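Data first, discussion second: the structure below is written as structure tokens.
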Amino acid sequence: MPALLAGAEHYDVPVLDDGTVRLRRLEPRDVPQLALNCADPAAAEFTTVPLGYTEDDARWYVGQFVPEAWRAGREYNWAAVDAATDRLWGTVGLNALRGTTADVGLNFGPHARGTGAAEAACRLLLDHAFPALGLTYAYWMAKVPNWASRKLAWKLGFRSPVRIDGFMEQRGASVDAWILTLAAGDPRTPTTAWDGPPAPGSAGPERRP
């Protein structure tokens, strides 16, 4: 397991901020929006959140699961919020920590789509996590066919997508997944042309900037 983040045993969550998006500790005030985010159909389709997610589920996650996982060094999860209003966009963090690697996990609400908040939050996370934990690799897992998640990983520089059928566990079922890789020294920009479907209204395949 990677080294504990500084202050993890006391649940001291570092605040990461780029002036637009802030990553901070999850608080009880985030519960209503967190419940809405997790009840969204896209969350049910592509993440592992329980079906029929309620505010009670969100309170347990904020008040028990996240602090306990943080103190134990099992998972590190942040609230990603609007830096100006403190409104919750979603959650982002590191899970499946082993050796000097970890998986990136995130779930953002419908109101965050198209804002760039998820990309900004992931950049803050990666810029902090690699040096703070001494990670050599971060991995990104997306359920097939979650092209939006795969494209976000591509924008962040994750590379070498591999499809592994049945690799992802979702509510007791095995589902197909894409796995992408980012090394500590990799650029945080696309390294290949986008090979997925074009954006709506696009005349053809998108190319690397």
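No gaps in the numbering here: position 50 of the sequence shown is 50 in full-length UniProt numbering, and each next residue is one more. A virtual CB, placed ideally from N, CA and C, is assigned to each residue, including glycine. Computed from a predicted structure; not experimentally measured.
Comparing C-alpha positions only, which one of the options sits nearest to residue i?
i	options	result
Arg87	Gly93, Leu94 and Ala79	Ala79
Asp57	Ala72, Pro187 and Cys38	Cys38
Leu133	Gly52, Gly99, Trp89 and Ala83	Gly99
Val62	Asp82, Arg159, Tyr11 and Asp18	Tyr11
Thr136	Pro110, Phe108 and Asp103	Asp103
Gly172	Ala3, Leu4, Val15 and Leu51	Leu51
Asn77	Glu55, Pro41 and Phe108	Phe108
Gln170	Thr192, Glu45 and Trp147	Glu45
Ala3	Asp82, Lys143, Thr101 and Ala184	Thr101
Trp143	Gly114, Ser174 and Glu119	A small fix is needed here, since residue 143 is Lys in this sequence, not Trp. Looking at the Cα atoms, Ser174 is the closest of the given residues.
Phe167	Ser149, Gly157 and Ile179	Ile179
Trp154	Thr192, Ala35 and Ala72	Thr192
Val13	Pro32, Leu34 and Glu68	Glu68
Val21	Gly7, Ala118, Glu9 and Gly196	Ala118
By the 10 Å Cβ neighbour count, where 16 or more other Cβ atoms means buried, how is residue i classified, buried or exposed?
i	result
Trp70	buried
Ala84	exposed
Asp17	exposed
Ser160	exposed
Pro110	exposed
Thr91	buried
Asp30	buried
Arg207	Note that Arg207 scores a pLDDT of 36, beneath 50, so its modelled location is shaky and nothing firm can be said.
Ala96	exposed
Arg145	Contrary to the premise, residue 145 reads as Pro rather than Arg in this sequence. Pro145 should be labelled exposed.
Residue i lies in the alpha helix (DSSP H); which residues open and close that run?
i	result
Asp127	Ala117 to Leu133
In this structure, how does DSSP classify residue i when only helix, strand and coil are distinguished?
i	result
Trp154	helix
Glu169	strand
Asp40	coil
Val15	coil
Leu26	coil
Trp147	helix
Ala112	helix
Ile179	strand
Ala142	strand
Tyr193	A small correction: the amino acid at residue 193 is Ala; Tyr does not occupy that position in the sequence shown. Coil.
Ala35	helix
Pro209	Low confidence applies here, because Pro209 scores a pLDDT of 32, under 50, leaving its location unreliable; read the following figure in that light. Note: Pro209 maps to coil in three-state DSSP.
I'd like the span of the beta strand (DSSP E) that includes residue i, first residue to last.
i	result
Ala8	Element bounds for Ala8: n/a, residue is neither H nor E.
Minimum length 3: unbroken beta strand (DSSP E) runs contained in the segment 49-93: 76-82
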